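Notes follow once the structure below has been shown.
Residue numbers (this note's numbering), protein chains in the order written: chain A, 59 to 379; chain B, 1349 to 1893.
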């Protein structure tokens, strides 16, 4: 049927314009409805605050009382003391500082390198992609322990120089061992980004053929803008999930490295170190394992719930409701 | 998905294997025979060794645990009585001592055999000792042989081996001429440095005087002891079985010994509880009280002539300052370490030689005096530890060493303001660092080789292969030189006391405690007597329910 040529225009019904909502705003409102994720987030924030500010009020983590020895939880020492008579609560808080910092910083390092590397490789494709991914393969093939020991041998001197400089030039005795911590971040960051870059590359490969990327391209946007504004927001889900999985892995790695002599050294502690010690002594002094283990598990649970929630919330492909 | 053609067959095979394994494990459960029960039945002793050995070459051995294995594989001229360790005939069936007590003539028994069937001859001993004294080998314990006339000069490249006081008139007679009368000469012959090696075997795998010659391995090792080396799985176990060629094989009641290398003291204790071990190397201090209460019959606390101490590398800046060394030594609260951490009847060490070593006790002593330590440190230019870089304290991985190191670290921090970094290393790495002088402060232990103060004090001589600290004091050396040549016991002890006072003044080491050997022992182990040197001749040990 031919269209009628009636002069009367169709009445245009003007709706009040929808308030534009940014993807972040949507994500936030979705996340808020996920109770598990919210409680995970709250617990994480609380733990972080406790670890950052708690030691200001708690007892010393290194003061020993050999007379006291290992005592069960009580009024004087809420979580008991270890075999050298050190307050476990204080050690747990101090250890938390280290563990959370390592977990966070190393993950951010891995995230930054891995996402940038993977996105570039995936987007550019071709020969560049092949070369970049072979480099990743080579780094994968390097045994981690050997890599760490090499790093330890070659970087020991610079780390000690940094310590000496901190002590003598800027007089920040409190930052002793900072060089070692940097080494730790470097070691962990250097291996953890590999998997991340592979995941990101795969996602980018699948997304870059989609129409909206074609559209962006035909609008004349530059590569940088396409990668960061159009591709990355679409692969946030897997990135977030993988990051939340990286944090606990990194914390465990830290415990292992500290045992090798890299990273946290006595009298400092971290959750990984406390758990390792506690496991050896659990038959006599249960509290040495139960509390560090409990706090560590709580953190991992919270991270996983939060990660799950974030993935659901940040998925731009979910329909707006 | 299609199953591959071989699928069902391999599945069936797997099922069969699983069923067999299940049955086998069920049978195991029913029989419920632990390693220890099995060992009791078959006569195999399962002994915890702590760390794995670096090498089985007796002339390069430096660890007490080396002796535990090597004494099963090799035998010296004399052996030890299982109760009080007095010298009893070994390869030598008898010996004669000259009136001036400087010439020993050993008569070797005709039945002494190497495990390959060759007879053990006087030449074997001379060639072995020559090997120890050859400078190229770099044997740490070479200076034990300095009691032989001319041995020191030969070892230092100043003399010829012809001038060394060793002679073999025939294959079964060995004459040893000593530099000076040495009361502890016969007991000392039980040290691994005096053990013979089968030179032709050593030379088959490289030069006899080359470190790292791979002859001391299963399938290659030729020994003359009650057992032969069967298996050595690195970081797991060393298996030795009864030797058919040993001259006294009829007396050996054990069918074999399996040494289990378990680094972690906690893991070792668990293994004992699970019936995997007859004997542990040690016991975590925290568990002593529980054992004392629940099962005192397996807990053994034996006296042991050994000192736990920290070596200070005096070649390093700061540690070359005697005031700093003294300050560190004075600021260690030994009583707290012994009484609160170890709790195994150990004695706080105020000197290097344990008191009562063959009637000797140090006159000088090293007190715990924080005020004096702070004053010394201030005098050295570091009041309150300000400006002092952290010291590195190296120890081999062990829960007990770490706890003590953490306690000392805290004492130095609290009392002196001195920071310490703890470096935890595998035993092999600490031994290498020790040889190379690549340490600042090193956890060490000295086990007496024989019951005499010289066994302790000799290691601090300039030319001792066990000094490692770079500390050298001519007055000290000359006092020990005199003591060695002094026959009168009181006079000799006075010289030792002077030397020890000098040693404690200069503090190239920090004594921490004198050992007791705390370990676990199944009641089925018989003939295992408490001895001062922790030597337990295997030929007199047996298992009985």
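Note that CB positions come from ideal geometry on N, CA and C, so glycine has one too.
Because the structure is a prediction, the values reported are computed rather than measured.
Cα separation between residue i and residue j?
{"i": "residue 377 of chain A", "j": "residue 302 of chain A", "result": "Below a pLDDT of 50, predicted positions are generally treated as unreliable, and residue 377 of chain A, at 47, falls in that range; no measurement from the model is reported."}
{"i": "residue 262 of chain A", "j": "residue 1743 of chain B", "result": "50 angstroms"}
{"i": "residue 255 of chain A", "j": "residue 245 of chain A", "result": "17 angstroms"}
{"i": "residue 143 of chain A", "j": "residue 1446 of chain B", "result": "60 angstroms"}
{"i": "residue 1730 of chain B", "j": "residue 1722 of chain B", "result": "9 angstroms"}
{"i": "residue 1849 of chain B", "j": "residue 1671 of chain B", "result": "16 angstroms"}
{"i": "residue 1888 of chain B", "j": "residue 1600 of chain B", "result": "7 angstroms"}
{"i": "residue 1897 of chain B", "j": "residue 1463 of chain B", "result": "Since the displayed chain B opens at 1349 and closes at 1893, residue 1897 of chain B lies outside it and no answer follows."}
{"i": "residue 128 of chain A", "j": "residue 343 of chain A", "result": "7 angstroms"}
{"i": "residue 1661 of chain B", "j": "residue 1858 of chain B", "result": "11 angstroms"}
{"i": "residue 201 of chain A", "j": "residue 195 of chain A", "result": "12 angstroms"}
{"i": "residue 1415 of chain B", "j": "residue 1574 of chain B", "result": "14 angstroms"}
{"i": "residue 1583 of chain B", "j": "residue 1741 of chain B", "result": "25 angstroms"}
{"i": "residue 247 of chain A", "j": "residue 110 of chain A", "result": "23 angstroms"}
{"i": "residue 138 of chain A", "j": "residue 92 of chain A", "result": "36 angstroms"}
{"i": "residue 1487 of chain B", "j": "residue 1871 of chain B", "result": "39 angstroms"}
{"i": "residue 1846 of chain B", "j": "residue 1827 of chain B", "result": "8 angstroms"}
{"i": "residue 280 of chain A", "j": "residue 370 of chain A", "result": "30 angstroms"}
{"i": "residue 315 of chain A", "j": "residue 159 of chain A", "result": "15 angstroms"}
{"i": "residue 221 of chain A", "j": "residue 1770 of chain B", "result": "15 angstroms"}
Counting contacts by CB-CB distance shorter than 8 angstroms, is residue i in contact with chain B?
{"i": "residue 141 of chain A", "result": "yes"}
{"i": "residue 323 of chain A", "result": "yes"}
{"i": "residue 125 of chain A", "result": "yes"}
{"i": "residue 338 of chain A", "result": "yes"}
{"i": "residue 380 of chain A", "result": "Chain A is shown from 59 up to 379; residue 380 of chain A falls before or after that span and cannot be answered."}
{"i": "residue 130 of chain A", "result": "no"}
{"i": "residue 215 of chain A", "result": "no"}
{"i": "residue 269 of chain A", "result": "no"}
{"i": "residue 222 of chain A", "result": "yes"}
{"i": "residue 122 of chain A", "result": "yes"}
{"i": "residue 342 of chain A", "result": "yes"}
Do residue i and residue j have their C-beta atoms within less than 8 angstroms of each other?
{"i": "residue 328 of chain A", "j": "residue 341 of chain A", "result": "no"}
{"i": "residue 1480 of chain B", "j": "residue 1456 of chain B", "result": "no"}
{"i": "residue 1697 of chain B", "j": "residue 1801 of chain B", "result": "no"}
{"i": "residue 1918 of chain B", "j": "residue 1491 of chain B", "result": "With chain B represented from 1349 up to 1893, any question about residue 1918 of chain B goes unanswered, as that position is not in the structure."}
{"i": "residue 1420 of chain B", "j": "residue 1470 of chain B", "result": "no"}
{"i": "residue 1424 of chain B", "j": "residue 1563 of chain B", "result": "no"}
{"i": "residue 1525 of chain B", "j": "residue 1507 of chain B", "result": "no"}
{"i": "residue 1606 of chain B", "j": "residue 1394 of chain B", "result": "yes"}
When you compare the CB of residue i with every CB in chain A, is at least one pair closer than 8 angstroms?
{"i": "residue 1584 of chain B", "result": "no"}
{"i": "residue 1770 of chain B", "result": "yes"}
{"i": "residue 1614 of chain B", "result": "yes"}
{"i": "residue 1672 of chain B", "result": "no"}
{"i": "residue 1763 of chain B", "result": "no"}
{"i": "residue 1776 of chain B", "result": "no"}
{"i": "residue 1641 of chain B", "result": "no"}
{"i": "residue 1636 of chain B", "result": "no"}
{"i": "residue 1684 of chain B", "result": "yes"}
{"i": "residue 1757 of chain B", "result": "yes"}
Using 8 angstroms for Cβ pairs, my map puts residue i next to residue j. What's the rounded Cβ distance?
{"i": "residue 1540 of chain B", "j": "residue 1779 of chain B", "result": "Not quite, the Cβ-Cβ distance comes to about 15 angstroms (not below 8 angstroms), so this is no contact."}
{"i": "residue 324 of chain A", "j": "residue 1754 of chain B", "result": "5 angstroms"}
{"i": "residue 1868 of chain B", "j": "residue 1648 of chain B", "result": "7 angstroms"}
{"i": "residue 1572 of chain B", "j": "residue 1442 of chain B", "result": "Incorrect: roughly 18 angstroms between the Cβ atoms, too far for contact."}
{"i": "residue 1856 of chain B", "j": "residue 1817 of chain B", "result": "4 angstroms"}
{"i": "residue 165 of chain A", "j": "residue 304 of chain A", "result": "5 angstroms"}
Going by other Cβ atoms of all chains shown within 10 Å of its Cβ, with 16 needed for buried, is residue i buried or exposed?
{"i": "residue 212 of chain A", "result": "exposed"}
{"i": "residue 203 of chain A", "result": "exposed"}
{"i": "residue 1831 of chain B", "result": "buried"}
{"i": "residue 268 of chain A", "result": "exposed"}
{"i": "residue 107 of chain A", "result": "exposed"}
{"i": "residue 1617 of chain B", "result": "buried"}
{"i": "residue 271 of chain A", "result": "buried"}
{"i": "residue 1683 of chain B", "result": "exposed"}
{"i": "residue 1560 of chain B", "result": "exposed"}
{"i": "residue 120 of chain A", "result": "buried"}
{"i": "residue 1386 of chain B", "result": "exposed"}
{"i": "residue 1390 of chain B", "result": "exposed"}
Note down, in chain order, every chain D residue with its Cβ under 7 angstroms from the Cβ of residue i.
{"i": "residue 1858 of chain B", "result": "The structure shown contains no chain D; its protein chains are A and B."}
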